[in-house]
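K.L.:
This is the structure, below, for whatever I ask next.
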Amino acid sequence: MSTEVAAPPARVLVTKIGLDGHDRGSRIVASYLRDAGMEVVYTPPWQSIDAVVNIAIQEDIELIGVSTLATDHLIVPQLMDALGKAGLGDVGVIVGGIVPATEHEDLLAAGVEQIFGPGATREDIIACGLELVARTRAARRATS
Amino acid sequence: MKPDPVQLPLPGFDQELTDWSERYAAQIGEDRVVRNRSGIEVRPLYTPGDWSDGRYLEDLGFPGKPPYTRGIYPTMHRGRRWSQRQLIGLGTPADYNARVKSTLDAGGNAISLIPCNSVFRGVDCDEVPTALLGTCGTVVNTITHMDGCLDGVALAETSTALNDPSPFTLFAFLLGTARRRGVPWSQISGTSNQSDYISHFVANHMFFRLSLPGSRRLLLDHIEFCQQQVPKWNPLSVVGQHMQQAGATPAEAMGFTICSAIQYADDCIARGMAADAVLRKFTFFFDISISFFEEVAKFRAGRRIWARIVRDRFGVADARAMRFKFHAQTSGADLTRQQPLNNITRVTVQALAGIFGGLQSMHTDGYDEAITCPTTESARIAIATQNILREEASLCDVIDPLGGSYYVETLTDQMEVEIEQVIARVDAAGGMYRAVETGLVQGMIGESALAFQQEVELGQRKVVGVNCFAERADDLEPAPYRPNSQAIQRLVADFVDYKKQRNGKVAQKAIDGLARSAIAEDENIFAAVVQAAEAGATHGEIVACLRAELGFGNPLITP
Amino acid sequence: MIDNELPGHATFLETVPDKRRTTPVVGFTGAPGVGKSTLINAYTALCRSQDRSVAVVSIDPSSPVSGGAILGDRLRMAEHAQDDGVYIRSLASRGHLGGLCRNIDQIIRVIDTAGWDVIVLETVGTGQSEVEVASIADVKVVVNAPGMGDSVQAMKSGILEIADILVVNKADLPQAGQASKELRAMLRLRSNSVATVAVIETMATSCRGIDELSAAIDDCWRCLA
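Residue numbers (the numbering used here), protein chains in the order written: chain X, 80 to 223; chain D, 158 to 716; chain A, -11 to 213.
What follows is the structure, given as structure tokens:
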């Protein structure tokens, strides 16, 4: 099979912030993204917000996927804030896992692009990811 | 060793079987191949041609006697109902205490404590964002907190399961509380529910706190300590739940769990402990999925395999040491966020499988498990489910009622074969410890998890409300539980105060002693943990000290 | 930027002084599962305690089918994620054979001028086709773990030949002593080894043997300078 790619593979960060450590879902999503041709920097859970910002810079990350199950989504707005302050506001952030319906708005208002709950399909996630990466690249080309 | 189907002396049987097969084939049209979660093919009909009771005494036996297939006690639930041991964990110690009391009133008869995620991570409440405290478990960082949790609970009469991994600080706080109340440690009963560090390393990374070698040593110290000072306590519970929830098939979960148990037994024996004394105190903890018959067969096969392993691999003759005692929890992984009230039905079926599987103790999930830790209402329904099954469906009247079913006995045999294959693979890899270090176990679980997910996404595996019958339901999404933020802030403030008020020198001296015990090879680290707890050290301080000496646990997460 | 050969990368490279490298590049290679990442993590911690900054470049294989990759070295290096004195770059091989990636030379050049005290290069190496690290790294550390049939395999492959330092990790395992013995015996059989190759036992998870390893690495670098 030809591995010619028109553009270099997307660089994606899959991570978990906060206290929860269940990573069955994030591992599956990471392999979906890999199978779609993306390079996935995969971290263990319990990353601090500062660490995520640091990683995004060091690894030239173009898309961040945050997996959250317990109540860790409650500090996602803080993450969005930190990313903005570090000049990474153009990097798309998607959240996957369990976010109670009543708490979706807070995340979307903070800048999260999309929240994927149980029932989200592999196709949805990949399509969203590719689109966000394309958007980030276009924005960066325009400003360089 | 599987017997061939017995040659039946029943005249006309073969002819009737053929006749039915033809009528079946004619009517069914295109039949589908059905496999259960462990990959075993499930056929439409089972008959004496598949299993008959020629080997009843060897393979089944009677309850209370090896191989224990039908149950580990002669009377089983008819003599003593299973313990209704609901997991409780939320908010502050006062919140926990209130919930314990209402659960005991509603029919629970044993206690389980699940601490806050911050406690699992090994830190104190003043080290994490307050928004994350108490949302999924109770904050317990000191003896005083534990005392508050168990206020009004008679320690000598109540069995307590503590969901606290190595270094078992919660248990140290419990012992300190007992001493404060004048209750002798010889009367304290319960279980260190999360002492199985291998399962955490493999499948529940959240609970993994200390390096693998450090955890290994600490478990042995803990077991020895309990043998000498808290004899009614079960220091080891080997956990199959984490692996099954991480995606292992039921056969894999049982196989890996038994392999872990073998590893722990080997470690204890290498330490110089007597095999039969050690094995007598082994308990297990399993997930119960909604694959009803498979779960029943899994537990029956597990009992039979374990009895034989204890007898043949460890050479122990004491029949009590061959008993496969277990607590089980209905599987949260089968519960859905969509149409949450459906989960009441799911939990009922799972509970049924556990009861028919012969468990000793059970926790039933709340219907809102996918969203939140249970509300008082969903917790009440969860217990009521067990009460109804026991009192109204009269499930305690007959021991192993599914025994003798052609299907269930055949499936038990087949599950036994699958489980033995898993055990053989781990043995070939050099034992469980080696198998997890090389990532073999994690790889197998990961593959099963991915396969399952794909089946759901392709619609091959039906989940009501998710990929079928998924029209919008009227069920309102349950509001997530959030602890009272003022109560949490007060808790943190009180905790900071506590550290100022206590005798800092005494606490520090005990922590230094703890560090020394970790370096010395012949000291009991857990005894030092208890001393530190009683000297006023906090959970975070104890864990930090041991991490510095024994290494931080980095579970071998393989992508 | 260089990894992706974005427009302007060639011009940028021209601005990077083409001088002899002053930062040691320490290459770690070995079969999957021997504990390379954990070892690098411990080594990095030691360097940091000596106030030395570290840049880690870790290469994982790309899928030949999809072109994607899971870059998992950070799984073992989480404690350094917030340290400004540690830079970690996860790269995919992108179809390049030899164990590294296409532009690794230039990437290392750029990092070299950025003022890091040590550059660590991590790659998977099990056989003759993955010895590329030998041409890039100044000090080559080949990591083994006992009981994985390693020493025999290693003897058959070319990997041991490139090593400046041989590490037997997971030294707590009973076969560790045997593995070290076998490696030392094998080294004695090799004629024309000008420099002696150190064989060091480590237990990366509890940072045992790391001091020795670091000293051996420093020794090698000094001999080259």
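The beta-carbon is built from N, C-alpha and C at its ideal position, and this holds for glycine as well.
So, with DSSP's three-state summary, where would you put A:His84?
P.N.:
A:His84: coil per DSSP, three-state reduction.
K.L.:
What does the alpha-carbon distance come out to for the pair D:Tyr524 and D:Gly489?
P.N.:
9 Å
K.L.:
State yes or no: is the C-beta of D:Ala606 within less than 8 Å of the C-beta of D:Gly291?
P.N.:
no
K.L.:
Please compile the residues from chain C whose C-beta is within a distance smaller than 8 Å of the C-beta of A:Arg62.
P.N.:
The structure shown has no chain C; the protein chains it does contain are X, D and A.
K.L.:
Between A:Val130 and chain X, is there a C-beta pair that is closer than 8 Å?
P.N.:
no
K.L.:
Suppose the cutoff is 6 Å on Cβ atoms and the five residues either side in sequence are ignored; what does the same chain contact list for D:Val191 look like?
P.N.:
Hits under 6 Å: Val199.
K.L.:
How big is the Cα-Cα spacing for D:Gly653 and D:Gln495?
P.N.:
The question names Gly, but residue 653 of chain D is Val in the sequence shown. Roughly 41 Å between the two C-alpha positions.
K.L.:
Could you compute how far the alpha carbon of A:Val182 sits from the alpha carbon of A:Ile150?
P.N.:
Low per-residue confidence applies at A:Val182: pLDDT is 49, beneath 50, and the placement is therefore not dependable, though the value from the model is reported in the following sentence. In a straight line, the C-alpha of A:Val182 is about 13 Å away from that of A:Ile150.
K.L.:
On the DSSP bridge list, what partners appear for A:Met191?
P.N.:
A:Arg196
K.L.:
Any C-beta of chain X sitting closer than 8 Å to the C-beta of D:Ala677?
P.N.:
D:Ala677 is outside the set of residues whose beta carbon lies under 8 Å from a beta carbon in chain X.
K.L.:
Could you say which of X:Gly168, X:Leu211, X:Ala213 and X:Leu148 lies nearest to X:Gly196 if we only look at CA atoms?
P.N.:
X:Leu148
K.L.:
Hey, which unbroken runs of the beta strand (DSSP E) at 3 residues or more fall wholly within the segment 618 to 662 of chain D?
P.N.:
none
K.L.:
So with CB distances below 8 Å, who are the chain D contacts of X:Ile177?
P.N.:
Arg494, Ala527 and Ile528
K.L.:
Could you give the distance in angstroms between the alpha-carbon of A:Glu200 and the alpha-carbon of A:Leu63?
P.N.:
Rounded to the nearest angstrom, the two C-alpha atoms are 25 Å apart.
K.L.:
Return the bridge partner residues of D:Phe443 from the DSSP annotation.
P.N.:
D:Ala485
K.L.:
Alpha carbon to alpha carbon, how far is D:Arg465 from X:Leu92?
P.N.:
48 Å
K.L.:
Return the residue from the list D:Cys425, D:Pro558 and D:Ala684 that minimises the CA-CA distance to D:Arg235.
P.N.:
The candidate whose alpha carbon is nearest that of D:Arg235 is D:Pro558.
K.L.:
What number of angstroms, rounded off, separates the C-alpha of D:Pro497 from the C-alpha of D:Phe609?
P.N.:
21 Å
K.L.:
Where does X:Leu162 sit, in a helix, a strand or coil, going by DSSP?
P.N.:
Taken through DSSP and simplified to helix, strand or coil, X:Leu162 comes out as helix.
K.L.:
Considering Cα atoms alone, identify which of D:Ala431, D:Lys482, D:Ser448 and D:Ala510 is closest to D:Phe471.
P.N.:
For D:Phe471, the closest C-alpha among the options D:Ala431, D:Lys482, D:Ser448 and D:Ala510 is that of D:Ala431.
K.L.:
Can a CB atom of chain X be found closer than 8 Å to the CB of D:Gln610?
P.N.:
Chain X, which has a Cβ nearer than 8 Å to the Cβ of D:Gln610, makes this yes.
K.L.:
Give the straight-line distance between the Cα atoms of D:Gln665 and D:Glu549, rounded to the nearest whole angstrom.
P.N.:
The straight-line gap from Cα to Cα measures roughly 56 Å.
K.L.:
In whole angstroms, what is the alpha-carbon distance linking D:Gln385 and A:Gln166?
P.N.:
Spanning the two alpha carbons is a distance of roughly 38 Å.
K.L.:
What residues of chain X sit near D:Val297, judged by a beta carbon separation below 7 Å?
P.N.:
Within chain X, no C-beta atom comes less than 7 Å from the C-beta of D:Val297; the nearest is roughly 15 Å away.
K.L.:
Please confirm if A:Ala19 has its CB atom under 8 Å from at least one CB of chain X.
P.N.:
no
K.L.:
Can you tell which of D:Glu187, D:Ile185 and D:Ser209 has its C-alpha closest to the C-alpha of D:Leu167?
P.N.:
D:Ser209
K.L.:
Taking C-alpha atoms, which residue in D:Trp463, D:Lys455, D:Ser446 and D:Phe450 lies nearest to D:Ser417?
P.N.:
D:Trp463
K.L.:
Measure the C-alpha to C-alpha separation of A:Ile47 and A:Ala80 and round it to an integer number of angstroms.
P.N.:
Approximately 5 Å, taken between the alpha carbons.
K.L.:
Let me check understanding here. Comparing Cα to Cα, which of X:Arg201, X:Leu153, X:Gly175 and X:Pro123 lies closest to X:Asp185?
P.N.:
Selected option, being the one with the closest Cα: X:Leu153.
K.L.:
Helix, strand or coil for X:Ile128? Go by DSSP, reduced to three states.
P.N.:
helix
K.L.:
Can you pull the chain A neighbours of X:Asp114, defined as C-beta to C-beta under 9 Å?
P.N.:
Scanning chain A for C-beta atoms nearer than 9 Å to the C-beta of X:Asp114 yields Ser51, Val53, Ser54 and Gly56, reported in chain order.
K.L.:
Is there a Cβ from chain X that is less than 8 Å from the Cβ of D:Met411?
P.N.:
no
K.L.:
Return the bridge partner residues of D:Gln386 from the DSSP annotation.
P.N.:
Paired residues: none, contrary to the question.
K.L.:
What residues from chain X crowd round D:Glu628, counting only those whose CB sits closer than 8 Å?
P.N.:
Per Cβ cutoff of 8 Å: no residues; D:Glu628 is ~13 Å from chain X at best.
K.L.:
Bridge partners of D:Pro272, per DSSP?
P.N.:
D:Thr295
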